[in-house]
Ligand code: NAP
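Residue numbers (the numbering used here): 45 to 294.
Written out as structure tokens, the structure is:
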């Protein structure tokens, strides 16, 4: 019998995990359907929400899923909580694959905040008008009431409400430190606002900010429950393989 594994995706790690698993197990990757032209993982792909934890539990039973790896973005907290509830209800194992967050080093000037509204509050009480916002298009609404000028970089354009003074740069990582330095200089950025997403693909902006002495408002990750968690694709593959006793094709 071939094990059936659901990978909750929308990240580079999820795509790499699907690629690593596709020849070993039956892998189904799930995407939320937010990005217009998503980068697709190999193997079976389904798109769209499940309809909350109950909908996901029904889907897991109908698709006869044996294992779930939650490889969603560290800020996709609703999906992660839904996965925890649904897998507990169905009685199947869940692993979270979550890349480690970024850590402040010498020369960095970070101000950690617990949420996007707290980031907006922090902006409103500090000097600096020109803001580089990399929190994603969905999160721009939290800054809509601010008078600052924003450079928003996102994969797809944002929807209202947005700040009155907004320039949108449509782009998708990975980004280089040379490119990030040029961007910060070109737009005379005073402050960078980012989520603590972690990973290599989008870390270059932090090095560029350090080099230019640009302060960073860093939004901390939301709490997402206590599923067993690994930080790398290789560990997630090993976790899937640990269930190989009789379940998987050799
Ligand atoms: P979220 O707030 O945690 O989830 C909202 C709802 O979207 C969920 O309740 C679920 O709908 C649906 N959903 C989310 N991820 C899904 C998935 N992989 N497959 C099927 N349905 C999914 O999620 P989000 O922050 O909007 O993120 C959406 C997607 O973008 C995720 O795949 C995530 O990995 C990716 N992403 C997010 C960020 C970010 O900063 N949040 C950044 C990069 C990529 P139902 O309740 O109907 O099941």
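Virtual Cβ for every residue (Gly too), placed ideally from N, Cα, C. For clarity, every value in this text was computed on a predicted model and none was experimentally measured.
Here residue 262 is bridged, per DSSP, to 156, 238. Comparing C-alpha distances from residue 272 to each of 153, 99, 112, 211 shows the shortest one belongs to 112.
For the ligand NAP, a non-hydrogen atom lies closer than 8 Å to the CB of residue 123. Only exposed fits residue 83, as fewer than 16 other CB atoms lie within 10 angstroms of its CB. Assigned with DSSP and collapsed to three states, residue 68 falls in coil, not helix or strand. In this model, residue 187 and residue 211 are separated by some 13 Å (Cα to Cα). Between residue 227 and residue 250, the gap from beta carbon to beta carbon reaches 9 Å or more. In this model, residue 171 and residue 139 are separated by some 43 Å (Cα to Cα).
Rounded to the nearest angstrom, the gap between the Cα atoms of residue 71 and residue 61 is 9 Å. In this structure, DSSP gives residue 146 a state outside helix and strand, which the three-state scheme calls coil. By alpha-carbon distance to residue 200, the top candidate from 79, 118, 264 is 79. Nearest to residue 50 by alpha-carbon distance, out of 73, 145, 277, is 73. In this structure, the C-beta of residue 287 stays at least 8 Å away from each heavy atom of the ligand NAP. Relative to the non-hydrogen atoms of the ligand NAP, the Cβ of residue 155 never comes closer than 8 Å to any of them. Checking the 8 Å criterion, the Cβ of residue 182 is within range of a heavy atom belonging to the ligand NAP.
With a cut-off of 8 Å, the C-beta of residue 219 is classified as distant from the ligand NAP, since no heavy atom of the ligand falls inside that distance.
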